[in-house]
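In what follows, a single structure is set out as structure tokens and then discussed.
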Amino acid sequence: MALGRGHDFVNLLALPACLYFVPREFFLPFVGGYLVGTFLLSPDLDLPRSKPSKRWKTLRFIWKPYQALSKHRGTSHVPILGTFLRLTYFLLVVMFFYFVLLGVSSKYMPEIKELLLSFDPFELFSKLAKREEVFYFALGVVLSEVFHVSLDLLTSRLKRFKI
């Protein structure tokens, strides 16, 4: 298994080669997704003491249930599926906090409640899902995961052949 800094280094090294295949107008969302995938939404979020977990600082508590449900190198390390699971989990957490804030504001902060009710997160997600920029952002996250998993496989195989 590669160390966290090894994953970061290899992913950053591979980024320029990936950009060759991305249309120029989508460089920014692709690079954003790639960096988010490398540093924040890494497959190693299934480990409580991993670098990506620590990078969440005080918000790392939101990944505790994910870590409890995930076995290291399990589904979180399956390209595309792992990305889908982490992104879905994160969106569910965001929605949970939105509805908690809505419930609390109903009782204690009616002015904030009206603001929250004027915002429809489902409509926002629906609009975002149709945008090409979001596709390239997600592609960046997926490719960062592919390089991460490839490095894990390579280092595991190399360790097996060492005497």
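Sequential numbering from 1 applies to the sequence shown in our numbering.
Ideal placement from N, C-alpha and C gives every residue a C-beta, glycine not left out.
Item: How many angstroms separate the CA atom of F97 from the CA atom of I80?; Value: 26 Å
Item: If you drop the 5 nearest sequence neighbours on each side, which residues of the same chain put their C-beta closer than 7 Å to that of L101?; Value: L116
Item: V141 and G6 look like a contact to me (Cβ under 8 Å); what is the Cβ gap, rounded to whole Å?; Value: 19 Å between Cβ atoms; not a contact.
Item: Comparing alpha-carbon positions, which option in R160, E132 and F161 lies nearest R24?; Value: E132
Item: With H, G and I counted as helix, E and B as strand and the rest as coil, what does DSSP make of L40?; Value: coil
Item: What is the DSSP secondary structure of G74, counted as helix, strand or coil?; Value: coil
Item: Can you grab the Cα-Cα spacing for the pair L154 / P110, in whole Å?; Value: 56 Å
Item: With a floor of 4 residues, list each alpha helix (DSSP H) that falls wholly inside the region 53 to 118, ordered by position along the chain.; Value: 64 to 69, 81 to 108 and 110 to 118
Item: Would you mind reading off the limits of the alpha helix (DSSP H) that contains Y136?; Value: E132 to F161
Item: Are at least three pairs of beta-carbons, each pair with one atom in the region 69 to 88 and one in the region 45 to 53, less than 8 Å apart?; Value: yes
Item: Leaving out five residues before and five after V93 in sequence, what residues of the same chain have Cβ atoms less than 6 Å from its Cβ?; Value: I62
Item: From V146 to K107, what does the alpha carbon distance come to, in whole angstroms?; Value: 46 Å
Item: Check R24 in the structure and name its three-state DSSP category.; Value: helix
Item: Could you have a look at L47 and say whether DSSP puts it in helix, strand or coil?; Value: coil
Item: Residues in its own chain within less than 8 Å of W56 by CB, not counting five upstream and five downstream?; Value: L40, I62 and W63
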